[in-house]
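Here's the structure we're looking at; comments come further down.
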Amino acid sequence: MNTRQDPHYQAYHSQKARAKQRNIEWHFTIQTWTEWWGDDFYKRGRSKDSLCMARIGDVGAYHQDNVFKSTFSNNAKTINKDYMQQVNVSKCKPVHTPLGVFPSITAAAKHYKHSDFWIHARLNKYPTLFYRL
0 MNTRQDPHYQ AYHSQKARAK QRNIEWHFTI QTWTEWWGDD FYKRGRSKDS
50 LCMARIGDVG AYHQDNVFKS TFSNNAKTIN KDYMQQVNVS KCKPVHTPLG
100 VFPSITAAAK HYKHSDFWIH ARLNKYPTLF YRL
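Counted from 1, the sequence shown has number 74 at position 75 by numbering that gives the first Met the number 0; the numbering is strictly sequential.
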């Protein structure tokens, strides 16, 4: 059932849209994506122990041959270090948090002693407290 009320439909399109925002190619159809998640679909989430779709080496497209199931905490540990070093800090937007303004999400995450994902989650969940300038 591919309707807007179907949780698989909503989750698929949400993840596909996030990949597009991050300029990462997406090679799943809703059918292949649903089959790939299988019985683990309801183990997905945003907590550190929930499952996510991780890319091998954190590079390349979201494709059946280039992804595996991982917890968010394990995926955060395997962020492509080469990519992170190539990011031009001057392109980063400052982040306002309850504890002050930081030059980047990474700087805010280090101050809070959490991952970049933790800051991203707060940017989405608490937009009046955590926001980009």
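Where a beta carbon is used, it is the ideal one built from N, C-alpha and C, also for glycine.
Close CB contacts of residue 74 within its chain, under the 6 angstroms cut and outside five residues either way in sequence, are with 51 and 53 (chain order). Residue burial annotation: residue 131 is exposed, with fewer than 16 other C-beta atoms found within 10 angstroms of its C-beta.
CA-CA distance, residue 46 to residue 14, rounds to 16 angstroms. Distances from the CA of residue 94 to each of 128, 71 and 9 were compared; the closest alpha carbon is that of 128. Per DSSP, residue 18 is one residue of the alpha helix (DSSP H) stretching across 6-20. Going by DSSP, residue 119 is part of the alpha helix (DSSP H) stretching over 115-124. DSSP, read as helix, strand or coil, puts residue 56 in helix.
The C-beta of residue 16 has fewer than 16 other C-beta atoms within 10 Å across all chains shown, which makes the residue exposed. For residue 62, there is no enclosing beta strand (DSSP E), as DSSP marks it with neither H nor E. Annotation for residue 63: 26, 27, 31 and 35 place their beta carbon closer than 8 angstroms to its own, counting only its chain and skipping 5 residues before and after.
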